[in-house]
Amino acid sequence: MKSRISEFVVGLVFGLGLIVSGMTDPGKVLGFLDLAGLWDPSLAFVMGGAIAVGLFAFALAKKRTTSFLGGAMHLPTSRDIDRRLVVGSLVFGAGWGLAGFCPGPAIVSAGAGQPKAIVFVLAMLAGMWLFEIAEGRMRRTPNQQAGAL
Numbered sequence: 052m053k054s055r056i057s058e059f060v061v062g063l064v065f066g067l068g069l070i071v072s073g074m075t076d077p078g079k080v081l082g083f084l085d086l087a088g089l090w091d092p093s094l095a096f097v098m099g100g101a102i103a104v105g106l107f108a109f110a111l112a113k114k115r116t117t118s119f120l121g122g123a124m125h126l127p128t129s130r131d132i133d134r135r136l137v138v139g140s141l142v143f144g145a146g147w148g149l150a151g152f153c154p155g156p157a158i159v160s161a162g163a164g165q166p167k168a169i170v171f172v173l174a175m176l177a178g179m180w181l182f183e184i185a186e187g188r189m190r191r192t193p194n195q196q197a198g199a200l
């Protein structure tokens, strides 16, 4: 139960931070991304603050074997930059630039009842579902693929 309460509090603080910082306002995000027009640099400070907190948090996490709540630490170990990472980053950036949402702020905005965010979250979930289907097909051996036809 203690873990669930902690998860709720962390999620609540994260969501409130997204609201206060303006990350849930697609107009503000698109203004930040519009370098050639009326650029709004305020989100650069939000990102800078997030990077500073992240650097401190990861430095601390690397020194620990368990989380503050006693669970095992599972930090990423891969440092590979491959085609999947680059293509995924490009798709993420294009979606962010077109919609003005990334996943976290979109979920917060959808929870607040913003219609555009609800459409974005539904499209995001559909994309995740399609990815899982594609991944499942790619994992099959050639014999299994031939048998499915």
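For our numbering, add 51 to where a residue sits in the sequence shown, where the first one is 1. Note that CB positions come from ideal geometry on N, CA and C, so glycine has one too.
- Could you check the C-alpha separation between PRO127 and MET179 for me, to the nearest Å? 21 Å
- Residue ranges of each alpha helix (DSSP H) within the stretch 59 to 137, 4 or longer: 77 to 84 and 93 to 113
- Query: Can you find at least 3 beta carbon pairs, one from the stretch 172 to 188 and one from the stretch 119 to 136, that sit closer than 8 Å?
  - Reply: no
- Query: Tell me which same chain residues have a C-beta within less than 6 Å of the C-beta of THR75, skipping the five on either side of it?
  - Reply: LEU69, PRO156, VAL159 and SER160
- Message: Here's a check: name, in chain order, each residue in its chain whose Cβ is nearer than 7 Å to the Cβ of PRO205, leaving out the five neighbours to either side.
- Response: Limits of the chain in this structure are 52 at one end and 200 at the other, which puts residue 205 out of reach.
- Task: Within 10 angstroms of the Cβ of VAL142, are there 16 or more other Cβ atoms? Answer buried if so, exposed if not.
- Result: exposed
- With respect to the alpha helix (DSSP H) encompassing MET175, which residues constitute its N-terminal and C-terminal limits? Bounds of the alpha helix (DSSP H) holding MET175 are 166 to 190.
- Where the alpha helix (DSSP H) containing ALA157 begins and where it ends: 154 to 162 is the span of the alpha helix (DSSP H), which, as asked, contains ALA157.
- Message: Applying the 10 Å Cβ sphere with the 16-neighbour rule, what's the burial state of PHE109?
- Response: Exposed, since its Cβ has fewer than 16 Cβ neighbours within 10 Å.
- Message: According to DSSP, is GLY139 part of a helix, a strand, or is it coil?
- Response: helix
- Message: Taking the alpha-carbon of PRO92 as reference, which of ILE102, VAL172, ALA103 and VAL80 has the nearest alpha-carbon?
- Response: Considering only ILE102, VAL172, ALA103 and VAL80, the residue with the shortest C-alpha distance to PRO92 is VAL80.
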